[in-house]
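Student: Counting in my numbering, the sequence shown runs from 6 upward without gaps. Yeah, the Cβ is synthetic: ideal placement off N, Cα and C, and Gly gets one too. From a predicted model like this one, the values you see are computed outputs, not experimental measurements.
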Amino acid sequence: MGTSRHRRWRRKIGPVSRWLPTFARVSTVLLLIALGLFVALRVAAPYLITTGFVRSGIEDALSKWTGYQAEIKGDPVLEFWPTPRIILNEVTIRQPRESGDKLLGSIESLSADFSLIDALRGRTSFHEFHLVRPNLALTRDEKGLIDWSYAGLLARAINGVRYENGAEVLDPALDAEIGAVTVEDGTLAVTDIMSAKTYRFDSITADIAWPRLSDAISAVVIARSDGEDLKVDFASRQPLLAFAGKSAEMRTSLTSNLLTARFRGIASIASLSALSGNIAASIPDVPALLTWSGRSIPGIGTLKSASLESDIVSSGSGLRFNDLSLSLNEASATGVMDLSTQPGKRPKIGGTLAFDQMNLKPFLDAFALRLAAGEAEEISGMREPLQLLDIDVRLSARRAQMGLFELSDVGASMIVTGGEAKFDIGDSAFEGGEMTAHLEATQRDFDGGGKLQLSIRDADFAALAERLQLKGPLPLATGSLDLDLQSPKAIWTTGLADVTGRLHFWTKEGTLPGIDAAALRSQAAEKQFFPLSAAAGGAFAFGRLDLQADFANGSAEIHDAHITGPAQTLTLSGVITYQSNGLALSGSLEATDPAKAAELPLLPFFIGGSWPNPVISPVPLFGNSPHAQ
């Protein structure tokens, strides 16, 4: 069996061994011929191809591509090893003088590979371009498009491209080979006609792969703008449609220390009318990004980071963000948002966001859009952002923090319309009770002042005082509060001295620690004045507390605060200067039941000094004392 198999293998291998040497010889001969032709062409090329011929060819190619006139001042250099290549210096590209002499740009050094066979046949074709220190100037017109309007090959291809059956279609007569383009240490200035601004980029390094005009493009660009390094990745199977401002499939991303963003889907560089895809953005340092962009938002220091990811689609005259994931600092939310941009109306942001937990202050900061100081004068005709943008956002959160307060099961809304902004907490759980709030900012984008209305019902103020670590004899009880404050200054810059308003506070039964009524009477009978701490051995129990106060000029005026206990009633009125914790109060301690007035006679006194340990001075019951009977 084994011998039989070996014989069959020898019969099969035998013919191969006979023709294999012939194949090897032929292949070797062909390879030597090709190598000889390659070397011969390289050796003979410098004698057959003139520098002027290739130079004029690339001048014609540049002029054909751009529609501008290419001028080369430096002496060109031809290289033939390892590939034929021309190097040109001091290249400028401008309109013909009879058409305006507009400068498109200049290139310190331009090199390109060219076809040796085509050159020997009297034609020139170039590929693999390398640009060293190009300086280009482009214009973005009123439609948001780069001005390709001059009659170059690229402009004709952009104008002639069309969309058919989901693909980019270009007439063969408009197609051309490009190849690879690399850029080293370039600069670019883009003048935006709509905003009258010029955006400058320098230290540009680029690697562009675009085999033909009708093919897909991919590009990686690294540049520096205002001291910040940026990296842009762009790819599209329909580049001409994209450059024409039409809807095109694209994938792009921006990476920097201040901002990371990406988009993948269908978009147009000139319009949002046919946008669909997925978008993501992350800002690790919001204040730093605003500083770099030359913008300023008051109070933004609390908003450190922000990010979002969403599916985005054009909807009517606006955009819809579906499956939105939004993060502000450590707070994360999901929801749906809409951006409406109807003609003749202000753009409007609306939608709903659901948070697990959030800090309301950074969220308010994120919507407190305004111009930086002095910028309004620099941009003539620019109106304040509150006049340019309407907002109607609904919020919900299982837990929320607003300053020192913690809320749960919050339902809130943010509404900005015209020149007013309103933030409402319609429902929330607060210290075992309920809280509603209304914050309103008036004209001039929050700079015209605002007001705050706060209503708390049946909250545990004892727990709140303990959690906030407040000192002094404060009422420990379940109570309610109505607060109405106003400020003529910008909300973000308002100090305590700028606030005016009214407070009404009332409670059910509770205690006032640090006040012993018996010790207070005993000290008053023995001393002309004594510190409150001398009568702090017990607590004043009460069945009801009712206090009203007015705020103005950095102080609160107390109007007949009544703390009614089962046996005695404590009454207070006067002024508290809360910036310095100063007190100037008149008070009295008397029997709750008038029938016990003899047993617990009226004790008037004056309280002065500073909180939490002021000085008490009894007031004699004679003369013009307001407590004299």
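According to DSSP, is E604 helix, strand or coil?
Tutor: In the structure shown, E604 sits in coil (DSSP, three-state: anything other than H, G, I, E or B).
Student: Return yes when the Cβ of L394 is within less than 8 Å of the Cβ of R325, no when it is not.
Tutor: Cβ distance not < 8 Å, so R325 and L394 don't count as in contact.
Student: Do three or more CB pairs link the region 156–173 to the region 246–260 at distances below 8 Å?
Tutor: Yes, since at least three Cβ pairs between the region 156–173 and the region 246–260 fall closer than 8 Å, the two stretches touch.
Student: Report, in whole angstroms, the separation of the C-beta atoms of P139 and G184, which I expect to be a contact under 8 Å.
Tutor: P139 to G184, Cβ: 17 Å. No contact.
Student: Can you find the residues in the same chain that come closer than 6 Å, C-beta to C-beta, to A214, ignoring five residues on each side of it along the sequence?
Tutor: A185, S223, listed in sequence order.
Student: Look up G386 in the DSSP assignment and say whether it is helix, strand or coil.
Tutor: Confidence at G386 is low in this model, with a pLDDT of 37, below 50, so its placement is unreliable and no value can be given for it.
Student: Under 6 Å Cβ to Cβ from G416, same chain only, skipping five residues before and after it: list those, please.
Tutor: S401, G431, D432, listed in sequence order.
Student: Let me know the secondary structure DSSP gives L150 once reduced to three states.
Tutor: Of the three classes helix, strand and coil, the one that applies to L150 here is coil, per DSSP.
Student: Grab the span of the alpha helix (DSSP H) containing Q528 for me, first residue to last.
Tutor: That run of the alpha helix (DSSP H) goes 522–531.
Student: Applying the 10 Å Cβ sphere with the 16-neighbour rule, what's the burial state of N164?
Tutor: By the neighbour-count rule (16 or more Cβ atoms within 10 Å), N164 is not buried but exposed.
Student: Output the distance between the C-alpha atoms of A546 and Q474, rounded to the nearest integer angstrom.
Tutor: Distance between the alpha carbons of A546 and Q474: 21 Å.
Student: Can you give the beta carbon distance from V398 to G349, rounded, assuming they're within the 8 Å contact cut?
Tutor: Not a contact, Cβ separation roughly 23 Å.
Student: Does DSSP put W616 in a helix, a strand or coil?
Tutor: It is coil, neither helix nor strand.
Student: Going along the chain, which residues of its own chain have a beta-carbon closer than 6 Å to the beta-carbon of I92, five neighbours each way excluded?
Tutor: Once the five neighbours on either side are set aside, the close Cβ partners of I92 are V82, S116.
Student: Does the beta carbon of K69 sit closer than 8 Å to a beta carbon anywhere in chain C?
Tutor: Absent from the structure: chain C. Only one protein chain is present.
Student: With DSSP as the reference, label I163 as helix, strand or coil.
Tutor: The answer is helix: DSSP assigns I163 an H, G or I state.
Student: Below 8 Å, can you find three or more Cβ-Cβ pairs linking the region 307–327 to the region 277–286?
Tutor: With the cut-off at 8 Å, the region 307–327 and the region 277–286 touch.
Student: Below 8 Å on the Cβ atoms is my guess for T512 versus T483; work out the distance and round it to an integer in Å.
Tutor: Yes, T512 and T483 are in contact; Cβ-Cβ is about 6 Å, under 8 Å.
Student: Relative to the C-alpha of E335, which residue among G321, K353, S310 is closest?
Tutor: Of the candidates G321, K353, S310, the one whose C-alpha sits nearest the C-alpha of E335 is S310.
Student: If we ignore side chains and look at the alpha-carbon of each, how far apart do A539 and T357 end up?
Tutor: Going from the Cα of A539 to the Cα of T357 covers about 56 Å.
Student: In the DSSP assignment, what are the bridge partners of A407?
Tutor: Per the sequence shown, the amino acid found at residue 407 is Met instead of Ala. According to DSSP, M407 bridges with F410.
Student: Check for me: the alpha helix (DSSP H) holding L552 runs from which residue to which?
Tutor: Here L552 belongs to no alpha helix (DSSP H); instead the beta strand (DSSP E) covers 549–557.
Student: Within 10 angstroms of the Cβ of I63, are there 16 or more other Cβ atoms? Answer buried if so, exposed if not.
Tutor: By the 10 Å Cβ count, I63 comes out buried.
Student: Taking C-alpha atoms, which residue in I461, L457, G614, S492 lies nearest to G437?
Tutor: Out of I461, L457, G614, S492, I461 has the C-alpha closest to the C-alpha of G437.
Student: Anyone know if the C-beta pair for S418 and D429 falls short of 8 Å?
Tutor: Yes, these two residues count as a Cβ contact at 8 Å.
Student: Following the continuous beta strand (DSSP E) through R472, name the residue where it begins and the one where it ends.
Tutor: No beta strand (DSSP E) holds R472; the alpha helix (DSSP H) holding it covers 466–472.
Student: Assuming L179 and R161 form a contact by the criterion Cβ under 8 Å, report the distance between their Cβ atoms to the nearest whole angstrom.
Tutor: Confirmed, Cβ separation roughly 6 Å.
Student: With DSSP run on the structure shown, which of helix, strand or coil describes R375?
Tutor: Unreliable placement is indicated for R375, whose pLDDT of 37 sits below 50; the coordinate value is still reported in the next sentence. If DSSP states are grouped into helix, strand and coil, R375 belongs with coil.
Student: Who are the near neighbours of T257 in its chain, counting only those whose CB is closer than 6 Å to its CB and skipping five residues on each side?
Tutor: For T257, where only same-chain residues beyond five positions count, the Cβ hits under 6 Å are F239, F268.
Student: For the region 521–531 against the region 601–617, do three or more pairs of beta-carbon atoms, one drawn from each stretch, fall closer than 8 Å, so that the two count as touching?
Tutor: Yes, they touch.
Student: Spatial neighbours of E562 within its chain, please: CB distance less than 7 Å, with the 5 preceding and 5 following residues excluded, ordered by chain position.
Tutor: The residues are A554, D555, V580.
Student: Taking the C-alpha atoms as reference points, what is the distance between L481 and D465?
Tutor: So the alpha carbons of these two residues sit roughly 8 Å apart.
Student: Note down the Cα distance separating L508 from D487, rounded to an integer number of angstroms.
Tutor: The alpha-carbon atoms of L508 and D487 are separated by roughly 6 Å.
Student: Among all the DSSP beta bridges, which residues are the ones paired with T260?
Tutor: Note: T260 sits in a beta bridge opposite K236, T265.
Student: In terms of DSSP beta bridges, what is I112 paired with?
Tutor: Its beta-bridge partners are V96, P139.
Student: For D234, tell me which candidate among I198, I209, A522 has the shortest Cα-Cα distance.
Tutor: Cα-wise, what sits closest to D234 is I209.
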